[in-house]
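Structure, as structure tokens:
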Amino acid sequence: MAYLGIDLGSSGLRVLLVQADGAVIGTAERPYAFTHPHDGWSEQDPQDWIDALEGAVAELRQGHPVFQDLRGVAVSGHMHGAVLLDENAQVLRPCIMWNDSRSAAEAAILDQTDGVRDLSGNIVFPGFTAPKLRWVEHHEPEIFAKVAKVLLPAAFINHYLTGEYVCDMSDAAGTSWLDVGARTWSDDLLSASGMRREQMADVVEGCAPGAQMREDLRQSWGLRGRVVVAGGAGDNAAAACGIGAMDEGQGFVSLGTSGVLMAARDGYYPAPETALHTFCHAVPGRWYQMGVMLSAASSLSWFAGICGSTSAALTGEFPETLRDPSSVQFLPYLSGERTPHNDASIRGGFVGLAAGSTRQDMTQAILEGVAFGLRDSLEALKSTGATLDQLVAVGGGVASPYWLRLIATCLDVPLTLPEGGAFGAALGAARLAIVADTGATPEEVMTSPKARAVIEPDGAQSARYDAAYHQFRGLYPAVKALQ
């Protein structure tokens, strides 16, 4: 038996083939790109996701004959995106992505609508799905009139796999259409943004069977038997499943395109005033909260591109021992910010540049700015009663030992590096598929991985970085006033 986890990431797709016990058989990846037609816009062509999936699956099939014994599939996807289909299931326009801020005005109106925060448990952020549809209605009315289904990116892949319209609770929680406490679509929330329940996918728990793989695709992939497609998960819920963050006190920090600080919760504790996200977990009866910064590792890759270098080359100039905080500071708001500011219009910048400032000084400022942005999220989580004694670190940024030491110090929390951490969300998706097919309990399957290292805070630098963080906190009002 084999199970497939699909991680539909922001910049590329990863697939992970595992055995029934979760042991990894093989992996494959395919990249794709964003387009930015206007400032603040971010789009992708859903066909690029399908092409990436088929290419990755072809590689797995060729390298691993056990693929033909596939029993279950689950998809982890980047959240909040709007894939619009007509009555013939044809894509009407490129997907409006999670880091797209064009619908700020629509989001503000929805956020001020009576009952929206109470039912959804969240601020209506510009990146969420509901305001995107309001924007389409206002600016592309001919397309809005043809919308028969609105699918989140993972649900679009589910549709490709099964021909059915299925999404999971954790992904649906980021739309502003789900009653997050009751774990069901809300007619009141749908009505507030001009949508109808029949335009939604069927919502199921992430570890529950969603549908069967369609027969023609099963034959095309050379599979021997029936294959269940689980509900799946939003990317961060899937990553939590992959590293075993299911219970109160467990969490992770993710250094990907965006930066995420996530805490599993044993109940529903909405706190929209903090700009934290409060979402359903991918398994029944659990929720999670997270702070999100929109430009984390992408801030570093942006600067690397300007310098004609790479992120790895820039961070490779730093030892593992922390330097004193930089005299230059960086606000990592290249695409706006969510936690704690909920500000789609704010933009980033360097403060304190001097004639003697070097590229390394600016790189260090970026690393610190991202670490301080994650500290913002930690402070917000603490205000809701969450406690985090240790965090698992995942994402591309974990390749830098210096950055990890810096983040551990700024958060004053040890960071655990899991084996195989680059495939955290894909592993979580594969685990959801195992539960959906076998009927095992989440507790049996969603275990913590072995640790390859633990990064401790640098106690000698804690006070200096705490002071630098509070200086960073004072920059936002000044920069906002200038913009």
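My numbering numbers the first residue of the sequence shown as 974 and each following residue consecutively.
Positions of the beta carbon are idealized from the N, C-alpha and C atoms, including for glycine.
Bear in mind that the values here come from a model prediction, so they are computed numbers and not experimental data.
Counting only the Cα atoms, residue 1145 lies some 24 Å from residue 1200. Burial check for residue 1280: the Cβ neighbour count within 10 Å stays below 16, so the residue is exposed. The Cβ neighbour count for residue 1327, taken over all protein chains shown within 10 Å, is under 16; the residue is labelled exposed.
The beta carbon of residue 1029 sits closer than 7 Å to those of 986, 988, 1001, 1002, 1003, all from its chain and outside the five residues before and after it, given in chain order. Annotated as distal: residue 1330 and residue 1305, with beta-carbon spacing of 9 Å or more. For residue 1355, the number of other beta carbons within 10 angstroms of its own is below 16, and it is reported as exposed. The DSSP-derived three-state label of residue 1249 is coil.
Ranked by Cα distance from residue 1447, the options 1217, 1302, 1171, 1371 are led by 1302. Contiguous alpha helix (DSSP H) elements confined to the region 1239-1311 occur at 1270-1280, 1284-1288, taking only those with 4 or more residues. Under the Cβ criterion (8 Å, minimum of three pairs), the region 1157-1171 does not count as touching the region 1003-1012. About 6 Å separates the CB atoms of residue 1055 and residue 1123; that is less than 8 Å, so the two are in contact. In the three-state reduction of the DSSP assignment, residue 1069 falls in the strand class. By alpha-carbon distance to residue 1127, the top candidate from 1384, 1421, 1347, 978 is 978.
Note on residue 1107: 16 or more other CB atoms within 10 angstroms of its CB, so buried under the neighbour-count rule. CA-CA distance, residue 1091 to residue 1081, rounds to 15 Å.
By the Cβ neighbour-count rule, residue 1203 is buried, with 16 or more other Cβ atoms within 10 Å of its own. The Cβ-Cβ distance between residue 1288 and residue 1376 falls below 9 Å. By the criterion of a C-beta distance shorter than 8 Å, residue 1161 is surrounded in its chain by 1088, 1092, once the five residues flanking it on both sides are discounted.
In the DSSP assignment, residue 1224 falls within the unbroken beta strand (DSSP E) covering 1224-1228. Under the criterion of beta carbons closer than 8 Å, residue 1141 and residue 1205 qualify as touching, at roughly 5 Å.
For residue 1374, the enclosing alpha helix (DSSP H) stretches over residues 1374-1384. The C-alpha of residue 1342 is placed about 21 Å away from the C-alpha of residue 1074.
Residue 1057 is positioned such that its CB atom lies closer than 9 Å to that of residue 1120. Annotation: the continuous alpha helix (DSSP H) that includes residue 1418 extends over 1415-1418. At a cut-off of 3 residues, the continuous stretches assigned as beta strand (DSSP E) that sit fully inside the region 1031-1060 are 1043-1050, 1056-1058. For residue 1320, the three-state secondary structure derived from DSSP is coil. Between residue 1378 and residue 1316, the CB-CB gap reaches or exceeds 9 Å. The alpha-carbon separation between residue 1384 and residue 1344 amounts to approximately 8 Å. Per DSSP, the unbroken alpha helix (DSSP H) holding residue 1214 starts and ends at 1208-1216. With respect to residue 1100, residue 1311 sits close: the two C-beta atoms are nearer than 9 Å. Straight-line spacing of the CA atoms in residue 1051 and residue 1068 works out to 11 Å. The beta carbons of residue 1103 and residue 1097 sit about 6 Å from each other, so the pair counts as a contact at 8 Å. In the DSSP assignment, residue 1203 falls outside any alpha helix (DSSP H) and within the unbroken beta strand (DSSP E) covering 1201-1203.
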